[in-house]
Structure formats: C-alpha cells, structure tokens
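Worksheet for the structure shown next.
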Amino acid sequence: MKREARAFAGPIVAVLAIAALMSAAMLVAGTTPVAGFSALIAGALGGRNEIGETLVATTALLFPALGIALAFRAGLFNIGAEGQLLVGALFAGAVGPLLTIPPAAAFVLLFFLGALGGFVWGGIAGWMKARFNANEVISTLMLNFVAASLTLELAGGPLRGPVASGAETAWLPNAYWLPTLISHTRLSTGILVALAVAVALHFVFSRTVFGYELRATGEAPEAARRNGINIARITWLSLALSGAIAGMGGAAIVTGELHRFNTQLSPGYGFTAIAVALVGDLRPLWICVAAFGFGILEAGGLSMQASVQVPKDAIHVIEGLIVLILAARRYVVTRAHGASA
Amino acid sequence: MSGILLSLALLTVIKATPIVYAALGGVISERSGVVNIGLEGMMIAGAFTAVVVSYYSQNPVLGLFGGVAAGALFGFVLAVAATRFKVDQIVAGTGINLICAGGAAYGLVIIFNQPGASNQVNALGGDYWVLIAFALPCVAALHWLLYRTPWGLRLRACGENPAAVRSAGLDPLALRMWAVTLSGAFAGLGGAFLSVGELNLYSDGMTAGRGFIALAAVIFGRWTPAGAFAAALVFGFFEALQFVLQGRIAWLPPDAMQALPYVAALIALAGVTGKVRAPAADGVPY
C-alpha cells in the first residue's frame, strides 16, 4: 500500500508543480488562473476551428516526435529534428512548384522528398557518430543552425518565389495541396500520414529484426555488439531514419498547411517534439496521445496569448519543466562521450 | 590589408570571449563527471538577467553579477537533478535549455512589453575589454585549481571514478554539486558578456548555440582549461571571419556564411573525437 502510494505521489507532485507554475505565469501576466486556463482550453477545444488548429499542431509535432523516439530507442539523442524538418520542407517546397504529374503521385513524391531531405540531414550526424564517434547531441544541434542559414540562403535567393514577401518558395499548384480533412478548418489529411507512420514504427519496433537490433543497441550496446549486431550501421541508419521522419513532417507542413516553403514555418516544433517523445515514453502509439496533448498546449497557448495576454512562451517553460522532470526516468544505459558507437 | 587582419584579430577575441567562459564551465562540469548540455540555457539566463538587472538598477556591473547568479541558479538546478535525483543528464540539460529560452521570451513580454528583444539598457561599453581580458586569469586559475590543488585532484577523480573518491572518505556528490553550480556561473558570465558587454540588450536567440559550440570546444580542447580556451579562439575566429568577409567579397553568399562557425565546430568534432578520451565517468550518474 505504501509503495503504491509512493508510485502515485511522483506524478501527482509533478502535475501540481506544473499547474502551480502555469498559474504563476498567468498571475504575473495580469490574469487569473481560472481565466487563463479557460482561455487555453477554449482556444484548443472550444469549437470546430479550434480543434482543427489543435490537430494541425498535433500533426506538426507528431512527425518529429516519432523521429526522435526512433533515435532515442537506439540510444542516440537527436536534438536536430528542427533542422531535419526544415531541410525536408525545403526539398518538398523546392520541387513542388515545378511538378506536372498526377496529384496522387505528387503527394507520394513530396513526402518522399521530405523524407530524403531529413534522411540526408540526420544521416550527416549519424555518419559522423558511426565513423568518428562525434557526439550526436552537439552535431545534431549544430546542424540545426547550418540548416537555418542554408535554407535562408536558398529560399531567399535562387529558390525564392515570384510573389514571396520573405524567404519563401513559389506556391505549390492547387492540385498538390493535401485535401482538407475537416471542412472549414486548416486540418489536412497529413495527420493520417503521421498516424500511419506511428503505426508503422510501432510495427518496426515490435516485429522486425531491425527494430530488435535498434533496441538492443540502445539498451545494451556491448551485448548487442557481442551478438553480431553491426552497431555502426544501426547508429548511422537510426539517425538518418530519425531525420527522415522529421523531414516528412516538413513536407506535411508544406503540402498540407502553408502550400509553400517558408523559413519561418516551424515555431520550434523540433524542440517541443523532444518533450512529446519523452511524455509518450518513446512508444509510437503513446506518442500520438502525447502529441495531441501538446497540440492542445500549442494551439491553446496561442489563443491564450491573444485573449488574456499571457505570453505563449509560458507554454515552452512548462514543456521544459516536463522534460526536466521526466529526466528522472533512465532511458539509456550509458551515454558518456567516451562510450563507443 | 593589415587593417583587415587587425580587425579580424580583434573581432576574434571579442567573439571568442563568451565561448571561452561557457567552455570553462563545461570543463569544470565534465571533469566532475556531469555532462552539461544546459550550458546554452544557462547562457540565456545570464544574458537575459543581466539586461533586466541593468534595466532596473541602471548599473551594468550589477547586471553582470545578476547574470552570473542566474547562470549559477540553473547550474544548481542541474546539479541537484544530477546528484540528488540521478537523472539522465542530457535530458535534464535539454529541459533546462527549453525552460531558459521560454522563460526569457516570456520575460521580455512581461518586463519590456514586447516580444523578440528588450529595450536598450546601460551596458559596459568600452569597459567590456576588462571582461575580455579577465578570461585569461580565469583560464590560468582554473588550470591551477584543477592540476595543483587537492580540490582539483578530487574533482578530476570524481569524473574518472567516483566510487574511489567515496572510498577515500570524500563525498563525490557534494563535489559534483559545487562543480556544476560553478559551471553555470561561468556560462551565465558568458551570456552576460553577450548582452551587457558586446551589446546593450537581450534578443531572443542571441546566444545562437554558443553553449553547444562551447561543448564542442571542451571536447576539441581535450577537457583542459587551456585546450578549451584555444578551441574557443578557433571558433571565435570563424565567427569573426564570417563578419569580416561579409560585404567585402561580393560573390560569397551572406546567409550561408553564417553557418561558418557551426561547420567549423562540426569538423572539429569529427576530427578529434576519435583520438581523445572523455573522463571515464562523464555523464554517468553516481
């Protein structure tokens, strides 16, 4: 009984701490917690349009969160999902306006291009880790900045659209906009692709040899090596695939939401997705639930800012606090710099 | 030509300074056995707090101390998480980065009523040279502390084999607590240099990954204060080079050039990490 009580105490204390901090952030901003939380919930779930916006954010978070979970399961910490998403979006946004193929083929191609962009960007960090044992935490983060300047250079220069106001590509033809899922909202069928990826990843983790090798590498690298698993291959491949999934998220934003590439298309989805992946316990199906929860925070946070003037950045503090609290759970056996790849 | 070289040299020193301070923080923390991915967030906390304190007190030196204190506070948070709760240090550090970036963005709206950037505040101005020069005695002092004092020996032992430190009758967790808190103070100083030294305001994203570049400098510098200092100078050089080349050479793509310091850090990371050895217990909770 006592042990059960203790098992429940941790999460309850965590939730109370988060609620208290959020209330404090609302009070400091000059509104009551009741008004603040009402605005947040109403803004996220109060109507068809609000739910649509929440699911748009859910979609944008789900792709990178699934990618992060894949790398994490292999014992690799990918904090470069933001850059991988951006490069994937650029690949889709650069080619999309030029296409003249049937829409169904175009959608497949655009998601493939997004995945390819992310695969390359994640793969660079993976290759550096496998070949030189370069710390992937630092390399993936550095690559975010490289991606930001490269996409700015390209979208602001050679790939800039004729009617662009900033660093944007040309519009995709109407035929290549993903169909809307709920009418009169911005929610596209991209969310179905995200859910399909989640199911596929669940299957990969639980039913395939690659998934087994990946988890073995993450959970017991030395045992995996002794059992003949090619650790270097698992390392570069899991970071590259992690990037590919994040990159598909970029393509989903381009074809489903913005209908062109814009350097500002992600307000930090790749970082929030770290919290999503951890809250989802690195399990693809739970990550879908977590992504919806964080979608509520993202969409609700925006409307809370608009209606009761609580800066939406308070949400990001909460997300950071959640990550900090969840760090108490051990994810990977050893992750020292010196641990061999 | 010599004018360009001189300005390149001066700019290198200026751009290297915040990285040097953060990298010294990284050396202390990692030598004690705690990976400090939160350096970036602690720099943000330092940069933002320095501006806020200077805004209210009109005194940039007080701001500087405020920045150091804010960095130390988040260093302490990571220290407690890493020692008392034995958390995954990389996950915890990432959480601190998110908290600090979000907190500063929130604070900008609350205090200065505008997103993105603060008001201009009193800054060190020309006196920031003192802070640039102060980096050298810091490197020397840390070298002396690590290699010439009992405390340094214990700290290094803590990063290699905390169980041995324990069996010598010392408390490795207490040593790590101090080291990580001090690490945060250094990162806070680096951040404060950016906001009230080099500039006179805080803007979102102004640390621009320098905390992570500092971590690359720690590895490139083989976990020694002098090595990290030299590595920070190299990365500072590439940041300066990008500024000096911009506009001077027309065919260079300006936005892509901004990637230069990060690419340099990536190459350094790939180039040395196979040949260097981290403290054996670095990142492993005790």
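Chains Z and F, in that order, are what the protein sequence lines are.
Going by our numbering, the first sequence opens with residue 1, and the numbers climb by one from there.
Going by our numbering, the second sequence opens with residue 342, and the numbers climb by one from there.
The beta carbon of each residue, even a glycine, is placed where N, CA and C say it ideally should be.
Query - Distance between PRO491(F) and LEU297(Z) (C-alpha atoms, nearest Å) - result: The residue labelled residue 297(Z) in the question sits at position 297 within the first sequence. The residue labelled residue 491(F) in the question sits at position 150 within the second sequence. When rounded, the distance between both Cα atoms is 50 Å.
Query raised in the report: Cβ of TYR362(F) within 8 Å of Cβ of PHE527(F)?
Result: As a working mapping, residue 362(F) is identified with position 21 in the second sequence. As a working mapping, residue 527(F) is identified with position 186 in the second sequence. The Cβ-Cβ distance between TYR362(F) and PHE527(F) falls below 8 Å.
Requested in this report: Could you tell me whether any Cβ in chain F is nearer than 8 Å to the Cβ of PHE119(Z)?
Outcome: Locating residue 119(Z) in the first sequence gives position 119, where the first residue counts as 1. Output row for PHE119(Z): interface = no.
Query raised in the report: Who are THR180(Z)'s beta bridge partners in DSSP?
Result: Sequence index remark: in the first sequence, residue 180(Z) carries index 180 (1-based). Bridge partners of THR180(Z): SER188(Z).
Report task. Sort GLY531(F), TRP485(F) and LEU514(F) by Cα distance to PRO566(F) and report the nearest one. Result -> By one-based count along the second sequence, residue 566(F) stands at place 225. Nearest in C-alpha terms to PRO566(F), of all of GLY531(F), TRP485(F) and LEU514(F), is TRP485(F).
Requested in this report: Check each candidate in LEU326(Z), GLY300(Z), ARG260(Z) and TRP286(Z) and name the one with the smallest Cα separation from ALA314(Z).
Outcome: Here residue 314(Z) refers to the residue found at position 314 when the first sequence is read from its first residue. That would be GLY300(Z), whose Cα lies nearest to the Cα of ALA314(Z).
Report task. For MET128(Z), go through chain F and note every residue whose CB falls closer than 9 Å to its CB, in chain order. Result -> By one-based count along the first sequence, residue 128(Z) stands at place 128. Here the neighbours are LEU607, LEU610, ALA611 and THR614.
Report task. Report, in whole angstroms, the separation of the C-beta atoms of GLY379(F) and LEU349(F), which I expect to be a contact under 8 Å. Result -> Against the second sequence, residue 379(F) aligns to sequence position 38. Against the second sequence, residue 349(F) aligns to sequence position 8. Rounded, the Cβ-Cβ distance is 32 Å, inconsistent with contact.
**Report entry** Stretch-stretch touch, CB-based, cutoff 8 Å, three pairs: the stretch 243 to 261 of chain Z with the stretch 30 to 42 of chain Z
**Finding:** In short, these stretches do not touch, since the Cβ pair count stays below three.
**Report entry** Interface flag, ALA170(Z) vs chain F, CB-CB below 8 Å
**Finding:** Translated into positions along the first sequence, residue 170(Z) becomes position 170. Judged by the 8 Å Cβ criterion, ALA170(Z) is not in contact with chain F.
Query raised in the report: According to DSSP, is ASN262(Z) helix, strand or coil?
Result: Stepping through the first sequence from its first residue, residue 262(Z) is reached at position 262. Strand, per DSSP.
Query - Own chain partners of PHE283(F) with C-beta closer than 7 Å, once the 5 adjacent residues on each side are dropped - result: The requested residue 283(F) does not occur in the structure, where chain F is confined to residues 342 to 627.
Requested in this report: State whether the stretch 38 to 49 of chain Z contacts the stretch 278 to 293 of chain Z, with contact taken as three or more CB pairs (one from each stretch) at a distance under 8 Å.
Outcome: Between the stretch 38 to 49 of chain Z and the stretch 278 to 293 of chain Z, the count of C-beta pairs closer than 8 Å stays below three; the two stretches do not touch.
Report task. Can you have a look at SER183(Z) and say buried or exposed, based on whether 16 or more other CB atoms are within 10 angstroms of its CB? Result -> Against the first sequence, residue 183(Z) aligns to sequence position 183. Label assigned to SER183(Z): exposed.
Query raised in the report: Cα-Cα, which of GLY80(Z), ALA244(Z), ALA24(Z) and SER23(Z) is closest to THR435(F)?
Result: Working through the second sequence from its first residue, we reach residue 435(F) at position 94. Answer by Cα proximity: GLY80(Z).
Query raised in the report: Just reading off the alpha helix (DSSP H) that PHE63(Z) is part of, what are its end residues?
Result: As a working note, residue 63(Z) is residue 63 in the first sequence. From DSSP, the alpha helix (DSSP H) with PHE63(Z) extends over 48 to 73.
Report task. Report, in whole angstroms, the separation of the C-beta atoms of ALA147(Z) and TRP121(Z), which I expect to be a contact under 8 Å. Result -> Locating residue 147(Z) in the first sequence gives position 147, counting from the first residue. Locating residue 121(Z) in the first sequence gives position 121, counting from the first residue. Correct: roughly 6 Å between the Cβ atoms.
**Report entry** Proximity of ILE369(F) and LEU483(F) at Cβ, strictly below 8 Å
**Finding:** Here residue 369(F) is taken as the residue at index 28 of the second sequence, counted from 1. Here residue 483(F) is taken as the residue at index 142 of the second sequence, counted from 1. Contact: yes.
**Report entry** Cα-Cα separation, VAL28(Z) to ALA42(Z)
**Finding:** Taking the first residue of the first sequence as position 1, residue 28(Z) is located at position 28. Taking the first residue of the first sequence as position 1, residue 42(Z) is located at position 42. Answer to the nearest angstrom: the Cα atoms are 21 Å apart.
**Report entry** Exposure of GLU136(Z), with buried meaning 16 or more beta-carbon neighbours within 10 Å
**Finding:** Taking the first sequence and counting its residues from 1, one reaches residue 136(Z) at position 136. That one is buried.
Requested in this report: Indicate whether at least one CB of chain Z lies closer than 8 Å to the CB of ALA433(F).
Outcome: Translated into the one-based positions of the second sequence, residue 433(F) becomes position 92. Yes, because at least one Cβ of chain Z sits closer than 8 Å to the Cβ of ALA433(F).
Query - Three-state secondary structure (DSSP) of LEU349(F) - result: Taking the second sequence and counting its residues from 1, one reaches residue 349(F) at position 8. DSSP places LEU349(F) in the helix class (H, G or I) of the three-state scheme.
**Report entry** Coarse secondary structure for ALA94(Z), derived from DSSP in three states
**Finding:** On the first sequence, position 94 is the one that residue 94(Z) refers to. DSSP places ALA94(Z) in helix when its eight states are reduced to three.
Query - Reference GLU257(Z), options TYR176(Z), ARG186(Z), ALA130(Z) and THR100(Z), closest by Cα - result: The sequence position of residue 257(Z) within the first sequence is 257, counting from 1. Selected option, being the one with the closest Cα: ARG186(Z).
Query raised in the report: Closer than 7 Å, Cβ to any Cβ of chain F: which residues of the stretch 196 to 208 of chain Z, in chain order?
Result: none
Query - Any beta strand (DSSP E) of 3 or more consecutive residues that is wholly inside the stretch 397 to 437 of chain F - result: none
Requested in this report: Could you tell me whether the Cβ atoms of SER103(Z) and ALA194(Z) are closer together than 8 Å?
Outcome: Translated into the one-based positions of the first sequence, residue 103(Z) becomes position 103. Translated into the one-based positions of the first sequence, residue 194(Z) becomes position 194. Strictly speaking, residue 103(Z) in this sequence is Pro, with Ser absent from that position. For PRO103(Z) and ALA194(Z), no; Cβs fall outside 8 Å.
Report task. Report yes or no: do three or more beta-carbon pairs, one from the stretch 259 to 271 of chain Z and one from the stretch 162 to 171 of chain Z, lie closer than 8 Å? Result -> Below 8 Å, enough C-beta pairs join the stretch 259 to 271 of chain Z and the stretch 162 to 171 of chain Z to call them touching: three or more.
Query raised in the report: Between which two residues does the alpha helix (DSSP H) harbouring ALA277(Z) extend?
Result: For the purposes of this step, residue 277(Z) is taken as residue 277 along the first sequence, with counting starting at 1. It spans 269 to 279 - the alpha helix (DSSP H) in which ALA277(Z) sits, taken as one unbroken run.
Query raised in the report: Is it buried or exposed for ALA476(F), if we count other Cβ within 10 angstroms and need 16 for buried?
Result: Locating residue 476(F) in the second sequence gives position 135, counting from the first residue. Classification for ALA476(F): buried.
Requested in this report: Please confirm whether LEU542(F) and ALA458(F) have their CB atoms less than 8 Å apart.
Outcome: Position 201 of the second sequence, counted from the start, is the residue given in the question as residue 542(F). Position 117 of the second sequence, counted from the start, is the residue given in the question as residue 458(F). Yes. Within cutoff.
Query raised in the report: If you measure beta-carbon to beta-carbon, which residues of the stretch 138 to 150 of chain Z are closer than 9 Å to chain F?
Result: ILE138, SER139, LEU141, MET142, LEU143, ASN144, PHE145, VAL146, ALA147, ALA148, SER149 and LEU150
Query raised in the report: Considering only residues of the same chain and omitting the five flanking positions on each side of TYR469(F), which have a CB-CB separation below 6 Å?
Result: Residue mapping note: residue 469(F) aligns to position 128 of the second sequence, counting from 1. Hits under 6 Å: GLY538.
Query raised in the report: Who does SER544(F) pair with in a DSSP beta bridge?
Result: Within the second sequence, the letter at position 203 stands for residue 544(F). Beta-bridge pairing links SER544(F) to ALA458(F).
Query - Residue from SER139(Z), GLY190(Z), VAL163(Z) and TRP171(Z) whose Cα sits closest to the Cα of VAL108(Z) - result: Position 108 of the first sequence holds residue 108(Z). Closest by alpha carbon: GLY190(Z).
Query raised in the report: Count the other CB atoms within 10 Å of the CB of GLU222(Z); is the residue buried (16 or more) or exposed (fewer)?
Result: Numbered from its first residue, the first sequence carries residue 222(Z) at position 222. That one is exposed.
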